[in-house]
Each structure stands twice: as structure tokens, then as C-alpha cells.
Amino acid sequence: MTVTESRGVKTSIIIPSLNSPLIDQVLNKVLDQEGYSDDDEVIVVGRDDKGLVKNHIGVQFIDTGQPVTAPVARNLGIDAAKGTLLIFIDSDCIPQPGWLREHRKAHEAGHKVVGGGVLPVGDNYWHLVYNLTMFHEIFSTAPAGERPFLPTLNLSVDRSVIIQVGGLDPTLRKSQDLDWTTRMNEAGFQPYFWPAASIQHQHNRRTGKKVWQDAATIGKYARQVRVRHQESLNTPSILQHQYLTLILSPLIALYVTGRIITRRPETMLRHPETWPGIYLSKIAWCWGASHK
Numbered sequence: 001m002t003v004t005e006s007r008g009v010k011t012s013i014i015i016p017s018l019n020s021p022l023i024d025q026v027l028n029k030v031l032d033q034e035g036y037s038d039d040d041e042v043i044v045v046g047r048d049d050k051g052l053v054k055n056h057i058g059v060q061f062i063d064t065g066q067p068v069t070a071p072v073a074r075n076l077g078i079d080a081a082k083g084t085l086l087i088f089i090d091s092d093c094i095p096q097p098g099w100l101r102e103h104r105k106a107h108e109a110g111h112k113v114v115g116g117g118v119l120p121v122g123d124n125y126w127h128l129v130y131n132l133t134m135f136h137e138i139f140s141t142a143p144a145g146e147r148p149f150l151p152t153l154n155l156s157v158d159r160s161v162i163i164q165v166g167g168l169d170p171t172l173r174k175s176q177d178l179d180w181t182t183r184m185n186e187a188g189f190q191p192y193f194w195p196a197a198s199i200q201h202q203h204n205r206r207t208g209k210k211v212w213q214d215a216a217t218i219g220k221y222a223r224q225v226r227v228r229h230q231e232s233l234n235t236p237s238i239l240q241h242q243y244l245t246l247i248l249s250p251l252i253a254l255y256v257t258g259r260i261i262t263r264r265p266e267t268m269l270r271h272p273e274t275w276p277g278i279y280l281s282k283i284a285w286c287w288g289a290s291h292k
């Protein structure tokens, strides 16, 4: 991909979507954001077989013709974007009131890489477990501050950063955001968490099986990225040994689950019923990390 200087548009909002049934709701909430104007643009990249995107005037749709991975879709969106500020949001994320304003406010405060908050809520047990286990570092109730990395489901990046570090690694099915924002950090652009720029994550992991599968896939690719950036991410040496990671997975999962509870007690103590589910998701992460 080739990233060039902006050509006039103020903010580009990039949404990868693979026939998301929620894309219509996401676009409605994006276009209704306070401060959104004709100087901004929204780019949806992927597939939209139900034609939900075409109902929104002014939204650019890049049809990939066939399913592509999220990093490929985001890179295509970056190539097409004209804004000086690029905001990434997933097609299952509903931006809350003030979302766009808060992202811009964070950049006006001098931050070049900004992650917004994820509401610590869920529609059923496993839906809630997934949001709690995956996004405990960026709950909308957590304090603002520096982070070593941030996820792309709710991320804003100054164009100058992408010009310097390049795009996402298309070889990574998962954890490409861990790699990308770590590279930004290594290049001197400190990721910053701004909880007020919040979204509600309406993902489709609503069963234990789906949570297990997704956590295992993330574990597989996250281990690769953590080994790749071992010094920057203070990667535990145990992750260098895949089989040892699997053997010790009950202890690793117990430690990580306890750490989540103690670091976010204001949220986790309200949902003690989710602790076993979070523990199982960390077992799944270790299981995935033990596979090449």
C-alpha cells in the first residue's frame, strides 16, 4: 500500500465489513455524530450483498468482490482515504453520542494514536464474557492514559503516523492491530486511550463455542506478534515455548483472570458470574498460542 499526504478531507472514517447485518445501524450512528460534515468521508470496504450501504448518501463503498481479511480491507480504506485524521471502527461497533467529537478532542490534545472505550456490556452471558475478556484494558469506565498498544475496532490515527510506519500486516488474520500499534509505539508515537470516544461492541460471539474459537485464533496470532515485538511488549519468555504454554495453561489462565479482576474491580466485581467464562477464554488463548 502507498500512503500519501491528504488531499483536503478533514476526517476519513474507515469501516471493514463482510456483509455485516449491522452496517446500516453503524452508518446511521456515524453520520449522525456531532461535528460530522461534508468535509468528512466514510469509506466501507468489503462485501455488502444485502445492499445496506447504498442507502446512505455520500458513503463510499469499495467492493472487494470476494471476502478479504480485516487488515486487507483496512489497508484498502487507507489507500482510498483523503483525510488528515483516519478513524477505524468495526462493522459491529455502534458509536456512542460524542464519539467523533471525543476522537478529535484527543488529537487536538496532541495525541497521534488514540483508542476509544468499549462499553463493558453484553446481550447474553457469552456476549458479555467476550467483551470483558478481550477489552478489559479499554473499558469505557477505565481511566485515560498511555497504552503499549490499542485495538483497531475503535482507533484514530493521524495520517503522518501511517506515512511513517506503513499499513497493517495482511498476513495476520488476528492481532494485526497489536502489531500495527506496537510498531507505531516503537516509531515514537505513543498510543493513548481516550475512554469517552466509546462504542458498543455488538459482535456475534454469543456461545461458548464461538468465544473459545475466537480466543484460540487470537492466541495463535498474538503469540507470534508478541514474540516479534518481545522487548517492546515485555513478552514473557514462556511464550517462546509453545508446548510449555499449553501445559501451564491452567496456571496462566488463572493468573490473567485474577489480574483482570484486580485491575478493573469497578466492573468485574459487578459480574462475578463471568469469571469462569473469562478463565476458559484464557485457556483457549493458550491452546491457540501452542499451535503454529
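All letters in the sequence shown, in the order written, are residues 1 to 292 by the numbering used here. We put the CB at the ideal spot given by N, CA and C, even for glycine.
- Isoleucine 43: member of the beta strand (DSSP E) spanning 41-47, first to last residue.
- Between the region 91-107 and the region 215-231, the count of C-beta pairs closer than 8 angstroms stays below three; the two stretches do not touch.
- Around leucine 18, the same chain offers Gly46, Arg47 and Pro67 as residues with beta carbons nearer than 7 angstroms, after the five sequence neighbours per side are excluded.
- Here DSSP, grouped into helix, strand and coil, assigns glutamine 176 to helix.
- Annotated as distal: threonine 133 and serine 12, with beta-carbon spacing of 9 angstroms or more.
- CA-CA distance, asparagine 154 to aspartate 39, rounds to 21 angstroms.
- Nearest neighbour of serine 175 by Cα position, chosen from His56, Asp32 and Ala289, turns out to be Ala289.
- Under a 10 Å Cβ-count criterion, isoleucine 87 is classified as buried, with 16 or more other Cβ atoms of the shown protein chains found around its own Cβ.
- With a minimum length of 3 residues, the unbroken runs of beta strand (DSSP E) contained wholly in the region 107-146 fall at 113-118.
- When rounded, the separation of the alpha-carbon atoms in glutamine 240 and arginine 183 is 20 angstroms.
- Looking at the DSSP output, serine 156 bridges to Ile87 and Val114.
- Contact between glycine 115 and tryptophan 99 fails: their C-beta atoms lie close to 12 angstroms from each other, not under 8 angstroms.
- For aspartate 63, the secondary structure class from DSSP, reduced to helix, strand or coil, is strand.
- Rounded to whole angstroms, serine 37 and serine 140 show a C-alpha spacing of 26 angstroms.
- Assigned with DSSP and collapsed to three states, lysine 105 falls in helix.
- Collapsing the DSSP output to three states places isoleucine 57 in coil.
- Listed in chain order, the beta strand (DSSP E) elements of length 3 or more contained wholly in the region 162-246 are 191-201.
- About 5 angstroms separates the Cβ atoms of proline 151 and aspartate 177, confirming a contact at the 8 angstroms cut-off.
- The beta carbon of isoleucine 261 sits closer than 8 angstroms to those of Met268, Leu269 and Trp275, all from its chain and outside the five residues before and after it, given in chain order.
- Between glutamine 202 and aspartate 79, the gap from beta carbon to beta carbon reaches 9 angstroms or more.
- With a cutoff of 9 angstroms on beta-carbon distance, phenylalanine 149 and asparagine 124 are scored as not near each other.
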